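The listed protein sequences derive, respectively, from chains A and B.
The opening position of the first sequence corresponds to residue 50 in the numbering used here, with each subsequent residue numbered one higher.
The opening position of the second sequence corresponds to residue 50 in the numbering used here, with each subsequent residue numbered one higher.
For reference, the structure is listed below as C-alpha cells.
Protein chains: 2
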Amino acid sequence: MNDAFDFEARFAKGLPATQPKWTAFPKYNFIGGHNDPESIPVEGLIESTARVLRRRGQTIATYNQDCGPLGDIEMRKFLAGKLAKYRGMSTTPDDVLVTSGSGQGLELINEILCEPGDTVIMEEFTYQGAMNRLRARGINIFGAKLDDGGLDIGALETQLDDLAAKGIVPKFIYTIPTVQNPTSSILSVERRAALLSITRDRGVPVVEDECYADLLWDEEWPDSMLAMEGSDHVIHVGSFSKYLAPALRLGYVVAPWSVLSQMIACKGGGTGALEQMVVADYMQNHYDEHVAALNVRLKTKRDALIESLEVNFGTTAEFDVPPGGIYLWIKLPEQVDTLKLSEAALKAGIAFNPGPQWSVNPDAAKSHLRICFANPSVEEIREGVAKLAEVCFEETGIPPRSANVSRE
Amino acid sequence: MNDAFDFEARFAKGLPATQPKWTAFPKYNFIGGHNDPESIPVEGLIESTARVLRRRGQTIATYNQDCGPLGDIEMRKFLAGKLAKYRGMSTTPDDVLVTSGSGQGLELINEILCEPGDTVIMEEFTYQGAMNRLRARGINIFGAKLDDGGLDIGALETQLDDLAAKGIVPKFIYTIPTVQNPTSSILSVERRAALLSITRDRGVPVVEDECYADLLWDEEWPDSMLAMEGSDHVIHVGSFSKYLAPALRLGYVVAPWSVLSQMIACKGGGTGALEQMVVADYMQNHYDEHVAALNVRLKTKRDALIESLEVNFGTTAEFDVPPGGIYLWIKLPEQVDTLKLSEAALKAGIAFNPGPQWSVNPDAAKSHLRICFANPSVEEIREGVAKLAEVCFEETGIPPRSANVSRE
Numbered sequence: 050m051n052d053a054f055d056f057e058a059r060f061a062k063g064l065p066a067t068q069p070k071w072t073a074f075p076k077y078n079f080i081g082g083h084n085d086p087e088s089i090p091v092e093g094l095i096e097s098t099a100r101v102l103r104r105r106g107q108t109i110a111t112y113n114q115d116c117g118p119l120g121d122i123e124m125r126k127f128l129a130g131k132l133a134k135y136r137g138m139s140t141t142p143d144d145v146l147v148t149s150g151s152g153q154g155l156e157l158i159n160e161i162l163c164e165p166g167d168t169v170i171m172e173e174f175t176y177q178g179a180m181n182r183l184r185a186r187g188i189n190i191f192g193a194k195l196d197d198g199g200l201d202i203g204a205l206e207t208q209l210d211d212l213a214a215k216g217i218v219p220k221f222i223y224t225i226p227t228v229q230n231p232t233s234s235i236l237s238v239e240r241r242a243a244l245l246s247i248t249r250d251r252g253v254p255v256v257e258d259e260c261y262a263d264l265l266w267d268e269e270w271p272d273s274m275l276a277m278e279g280s281d282h283v284i285h286v287g288s289f290s291k292y293l294a295p296a297l298r299l300g301y302v303v304a305p306w307s308v309l310s311q312m313i314a315c316k317g318g319g320t321g322a323l324e325q326m327v328v329a330d331y332m333q334n335h336y337d338e339h340v341a342a343l344n345v346r347l348k349t350k351r352d353a354l355i356e357s358l359e360v361n362f363g364t365t366a367e368f369d370v371p372p373g374g375i376y377l378w379i380k381l382p383e384q385v386d387t388l389k390l391s392e393a394a395l396k397a398g399i400a401f402n403p404g405p406q407w408s409v410n411p412d413a414a415k416s417h418l419r420i421c422f423a424n425p426s427v428e429e430i431r432e433g434v435a436k437l438a439e440v441c442f443e444e445t446g447i448p449p450r451s452a453n454v455s456r457e
Numbered sequence: 050m051n052d053a054f055d056f057e058a059r060f061a062k063g064l065p066a067t068q069p070k071w072t073a074f075p076k077y078n079f080i081g082g083h084n085d086p087e088s089i090p091v092e093g094l095i096e097s098t099a100r101v102l103r104r105r106g107q108t109i110a111t112y113n114q115d116c117g118p119l120g121d122i123e124m125r126k127f128l129a130g131k132l133a134k135y136r137g138m139s140t141t142p143d144d145v146l147v148t149s150g151s152g153q154g155l156e157l158i159n160e161i162l163c164e165p166g167d168t169v170i171m172e173e174f175t176y177q178g179a180m181n182r183l184r185a186r187g188i189n190i191f192g193a194k195l196d197d198g199g200l201d202i203g204a205l206e207t208q209l210d211d212l213a214a215k216g217i218v219p220k221f222i223y224t225i226p227t228v229q230n231p232t233s234s235i236l237s238v239e240r241r242a243a244l245l246s247i248t249r250d251r252g253v254p255v256v257e258d259e260c261y262a263d264l265l266w267d268e269e270w271p272d273s274m275l276a277m278e279g280s281d282h283v284i285h286v287g288s289f290s291k292y293l294a295p296a297l298r299l300g301y302v303v304a305p306w307s308v309l310s311q312m313i314a315c316k317g318g319g320t321g322a323l324e325q326m327v328v329a330d331y332m333q334n335h336y337d338e339h340v341a342a343l344n345v346r347l348k349t350k351r352d353a354l355i356e357s358l359e360v361n362f363g364t365t366a367e368f369d370v371p372p373g374g375i376y377l378w379i380k381l382p383e384q385v386d387t388l389k390l391s392e393a394a395l396k397a398g399i400a401f402n403p404g405p406q407w408s409v410n411p412d413a414a415k416s417h418l419r420i421c422f423a424n425p426s427v428e429e430i431r432e433g434v435a436k437l438a439e440v441c442f443e444e445t446g447i448p449p450r451s452a453n454v455s456r457e
C-alpha cells in the first residue's frame, strides 16, 4: 500500500511500542503459553460443530445469539457445572461472563476497579500480561513475597498494614493460587483461608486467576477460593487457552452481578459465538478424557525437560519440579543475565521468557528464566535445551560441564 | 452468589451506565443490526469446519496460530482477493488486520488517533456505536450535512475551513459511503473523489466503513475510496456481521503498516481462530452464491416493510427507498417524539431504534426512527408495522388513517 501520508504524526501520545512484522515461530519455541498441537481434538471439534450448528446455527444471525451479553448459554451452563464439580464452586450460568480470553477478563477488571495512581498487589513473580496491562494504566504494582507454597501470608499481612499506614488500600490482589505462573506452586487450603480472611478484613478484593487449575497430575489440590467461606470479595478468572487451545480466545469471569453488569457495559461486544458453542458442546461431552490425555502428554514433556536440564545444565539450573501446568521456572547462577542470554539464544532459534519480564522487580529475577514445555515435541525439548546450554556457555561460561563432559 | 461485599464502592469513576439483566428479544425485533436467520449457511459452515480443522486444526494450539497478530493468513488472503475483485482495492494480506467485529477496528482507530478534547467529523446521521465510542473518550463530534446522495462535499469543505480558522484539524472523518447507516445513501464516485481531495489537502484522515457494501441489489456502485487515486490517508473498515452473522464477531481493517502495527500493539490479543478459519474457507468457496441468496431475501423483506408502511402509515411515514443494506430511515410528522414512542412500542413487543440515538444532534432526528428489516420474517414485519401504527396512533394521533380506514 501507498503509505506516503504521515499517519504517525497524528497518533495519540503515550501509545505502546510497536513490534516488527511477524515472520515465523523460532525452531525451539519455549516462549509464551502455547500448547501441545497433538492434543487438539480435531475430530471431536468437527463433530461438535455439526451438532451445535444443526441445533442452534440460526442463532448466530443475531448479536449475542439468543443469550444476551453474558455469552452463550450452553457455554455458561458447562462452566457452571464444571466449576461446581472440579473447583467446588456454587456457580449459576448467570454468575459467568464469557470473555475473549482471560486477558479480556483481566482488562475489564482493571477498567472497572482502577484509575491511574491506584495500587495493586501481585505475586512477586507473576504473569507478564497482567503486569503489562496494569502498567499501561498507570497503576502502582507492589510485589508480594512467594515461597515454595505460594504467597507468604504473614508477609502479605504486614505489607497490607504498611500500605494502610500510608493511607493506601490496594484496589485488588492478583493471585494465581493453583499452579502459579511462573513458579508452579499451589497455595494450600490453609493459606487460601488466611488470604481470604486478611483481605476481607481490610476491604481488598482478590482476583484469583485459575487458568492452570485443570492441569495437575499427581496430587489432590484445594478448591478455588471462590468456593470457600468468606469469599464474596473474590473475582474468579479462567480460560480454555491452557487446556484446549489459546488461538480460540475463550476465557471467563465469575463474579456477582454488580461486577459483571459493569464489565458488560465496558466490554463493547460479545465473544465469538461459534467458538463458544463448539467448545461448550465438546467439553460437555469430552472434558474428562480430553484433560486426562492432555495431562499425560504434558507430564511426559515436563519429564523430558527436567531430564534434559539435568543432563545439560547439571546443578547450575535450580528449579522446583512443577506438579502441573506448562511452565518451569529456572534459576541460573548470578552471573547469567537472562535478558542478554535470550537475545543470543534467539539467534540460535531458541526462544524462552527471561525472568525479569515475569517479575514485579525485574532485578530480582535477573538470572531466572521461564520455559514453556507444552508446545515443542519431546525431541525439540531435548535438542533445544542442549543448544541452549551451548549458547549459555558461550555467553557466560555456564554451565561449565554438560552431559558429564567439561566444556572448558 | 453472595454479593455482600461492596464492589461498587471500589469502582473507578466515570464508568458507563449498566443495563438490567437480559431476558429475551422483543417479538418484533427491528432494532440493531441483526440479520436473517434463514440465511445462515449451516451445512456450508459445517463442511468448512471439517475441511479447515483437518487441514490446519493443530495450529490453534499456539496464540495467533502460525500467522502472527494480523490474523489467520487464509482469512487475510480471502479478504485481499475479495476486496480486489469487488471493491477495486490493491490489497495484500499484509495490509489487513482481522478484528473482533468492525467495532474493535473502530475502537483501535480511536485509540491510536484520538485524545480527549480532539475533534472528529461524522455524517450528521450515523452509526450509534461509532458515536458512543468517541463520546466515551471525550471526543468532540461535529456532524457533516447529508443529502440524498450522502455527504454534501461543499458543505463539508466550508465546515473544515471554519474549523481550521479556529485552529482545529479533525483527527479524522468517519463515513459510511456505500449504503450509509441509517440513510442508505450511496456516495457517487465524483463525491468520493472530491472528499478524498479536500481531506487530503487539509491533512485529515478518512475512515471509510464499508460494512454494508456487499448488500446492494439493483445497481452498479462505486469502488471503495481506498481503491481510488489520492487515498493514502484512508483507513478502510469492514465486517462479516452484515453479510454472514454478527454473533461471529469478525471484522477487519485495511491500512498501511504504520497504522496496523500500532493497532496490533493496542489490540491486546488475537481474534478467534476457529471463526476466522471456518469463515475464510466458506467464503472462499461460496461468497457469490451466499451473498446473492441473502440479497434476494433482504430485498423481499425491504419490499414487505415498505408495503406495510404504506398501508399502515400512508403519507405520514417519509423515507427514501434503500437500494441495499438492512435499514430503513423513516421520518414521521414533527409531533411524534420517537424516543417516547419507542418506550410505548416496547411494551407492545416492538423494538426499533429512535432517531435521536443515530444523530450527532439528537434534536435533529426527534421524529425519525430506524427499522432493521433483516431479522424479522416477512410475516413479523407486516404484523409489527401494523401494531406500531396502532401504538403510534394511541400515543400521538399519527397516523390518522391506516389501510384506508380512519382511526379517529
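In this text, a Cβ means the ideal position worked out from N, Cα and C, and glycines have one as well.
Since the structure is predicted, the reported quantities are computational estimates derived from the model, not experimental observations.
Through-space distance from L358 (chain A) to R186 (chain A), alpha-carbon basis: Straight-line Cα distance between these residues: approximately 38 Å.
Partners in chain B for N410 (chain A), counting only beta-carbon separations shorter than 8 Å: Listed along chain B, no residue sits closer than 8 Å to N410 (chain A) by beta-carbon distance, the nearest being about 24 Å off.
Reducing DSSP to helix, strand and coil, say where F368 (chain A) ends up. Three-state result, F368 (chain A): coil.
S147 (chain B) lies in the beta strand (DSSP E); which residues open and close that run? Position check: residue 147 (chain B) holds Val in this sequence, whereas Ser was assumed. Per DSSP, V147 (chain B) belongs to the beta strand (DSSP E) from 145–148.
Cβ distance (whole Å) where A322 (chain A) is taken to contact L297 (chain B) below 8 Å: Contact flag correct, Cβ pair sits at about 6 Å.
Cβ of S288 (chain A) less than 8 Å from any chain B Cβ? Judged by the 8 Å Cβ criterion, S288 (chain A) is not in contact with chain B.
Chain B contacts made by the region 311–326 of chain A, where a contact means CB separation under 8 Å: Per Cβ criterion, the list reads Q311, I313, A314, C315, G317, G318, G319, T320, G321, A322, L323, E324.
D272 (chain A) versus L195 (chain A): straight-line alpha-carbon distance, rounded: Cα-Cα distance, rounded: 20 Å.
Counting only the same chain and skipping the five closest in sequence on each side, list residues whose C-beta sits under 8 Å from that of E156 (chain A). Shown here for E156 (chain A): same chain residues with a beta carbon closer than 8 Å to its own, the five before and five after excluded, namely R182 in chain order.
Cβ of Q107 (chain A) within 8 Å of any chain B Cβ: Chain B, which has a Cβ nearer than 8 Å to the Cβ of Q107 (chain A), makes this yes.
Take the Cβ of V218 (chain B) as the centre, count every other Cβ of all protein chains shown within 10 Å, and call the residue buried at 16 or more, exposed below. Exposed, because fewer than 16 other Cβ atoms sit within 10 Å of the Cβ of V218 (chain B).
Along chain A, which residues have their Cβ under 8 Å away from the Cβ of D52 (chain B)? Ordered by position in chain A, the residues that pass the 8 Å Cβ test against D52 (chain B) are D281, P305, W306, S307.
Could you name the residues of chain B that H83 (chain A) contacts, counting a contact when the two beta carbons are closer than 7 Å? In chain order: A110, T111, Y112.
By Cβ distance below 6 Å, which residues in the same chain neighbour S97 (chain A) in space, the five residues on each side in sequence not counted? Excluding positions up to five away in sequence, the list reads V327, D330, Y331.
Please look up how many angstroms separate the CB atoms of D52 (chain A) and P305 (chain B), rounded, as I've assumed it's under 8 Å. Contact holds; Cβ gap of about 4 Å.
Helix, strand or coil for P126 (chain A) per DSSP? As written in the sequence, residue 126 (chain A) is Lys, which differs from the Pro given in the question. In this structure, DSSP gives K126 (chain A) a helical state, which the three-state scheme calls helix.
Which bits of chain B does F127 (chain A) rub up against, with CB to CB less than 8 Å? Those do not exist, as F127 (chain A) stays about 17 Å from chain B at its closest Cβ, beyond 8 Å.
Mind checking which residues open and close the beta strand (DSSP E) that includes R351 (chain B)? No beta strand (DSSP E) holds R351 (chain B); the alpha helix (DSSP H) holding it covers 322–362.
Are the beta-carbon atoms of G117 (chain B) and V147 (chain B) separated by less than 8 Å? Cβ distance not < 8 Å, so G117 (chain B) and V147 (chain B) don't count as in contact.
Are the CB atoms of R351 (chain A) and P382 (chain A) within a distance shorter than 8 Å? Result no, Cβ atoms of P382 (chain A) and R351 (chain A) do not sit closer than 8 Å.
At 7 Å on the CB atoms, spell out the chain A contacts of V91 (chain B), in chain order. Per Cβ cutoff of 7 Å: L102, R103, G106.
Can you tell me where the alpha helix (DSSP H) holding V427 (chain A) begins and where it ends? For V427 (chain A), the enclosing alpha helix (DSSP H) stretches over residues 427–445.
Distance check for S455 (chain A) and E444 (chain A), CA to CA, integer angstroms please. C-alpha of E444 (chain A) to C-alpha of S455 (chain A): approximately 16 Å in a straight line.
Consult DSSP for V308 (chain A) and reduce its assignment to one of helix, strand or coil. Here V308 (chain A) carries a helix assignment [DSSP, helix/strand/coil].
Put T232 (chain B) into one of helix, strand or coil per three-state DSSP. Shown here, T232 (chain B) sits in coil according to DSSP, grouped into three states, outside any helix or strand.
Can you list, in chain order, the residues of the region 128–152 of chain A whose Cβ is nearer than 8 Å to any Cβ on chain B? Residues of the region 128–152 of chain A with a C-beta atom less than 8 Å from some C-beta of chain B are S139, T140, T141, D143, D144, S149, G150, G152, listed in chain order.
Supposed close pair C163 (chain A), A61 (chain B) - CB separation, criterion 8 Å: About 6 Å separates the Cβ atoms of C163 (chain A) and A61 (chain B), confirming a contact at the 8 Å cut-off.
For the alpha helix (DSSP H) that V238 (chain B) lies in, which residues bound it at each end? 238–250 is the extent of the alpha helix (DSSP H) around V238 (chain B).
Neighbouring residues, chain A, relative to L162 (chain B) (Cβ below 9 Å): Within chain A, the C-beta atoms nearer than 9 Å to that of L162 (chain B) come from F56, R59, F60, A61, in chain order.
Check whether chain B comes within 8 Å of T67 (chain A), counting only Cβ atoms and requiring the distance to be less than that. The Cβ of T67 (chain A) sits closer than 8 Å to at least one Cβ of chain B.
At 4 residues or longer, what runs of the alpha helix (DSSP H) sit wholly inside the region 140–184 of chain B? Qualifying alpha helix (DSSP H) stretches, in chain order: 150–162.
Beta-carbon of T98 (chain B) versus every beta-carbon of chain A: anything under 8 Å? Among the residues facing chain A, T98 (chain B) is included, as its CB has a counterpart in that chain under 8 Å away.
Could you please give me the residues that DSSP links to G468 (chain A) through a beta bridge? Past the boundaries of the shown model lies residue 468 (chain A); chain A is included only from 50 to 457, so the question cannot be answered.
I believe G178 (chain A) touches G152 (chain A) by the beta-carbon criterion, under 8 Å. Please report the beta-carbon distance rounded to the nearest angstrom. Indeed they touch by this definition, with Cβ atoms about 6 Å apart.
Have a look at the DSSP bridge pairing and note the partners of G71 (chain B). First, the amino acid is wrong: residue 71 (chain B) is Trp here, not Gly. Beta bridge pairing from DSSP links W71 (chain B) with no other residue.
For chain B, is any of its Cβ atoms less than 8 Å away from the one on D210 (chain A)? Closer than 8 Å: no.
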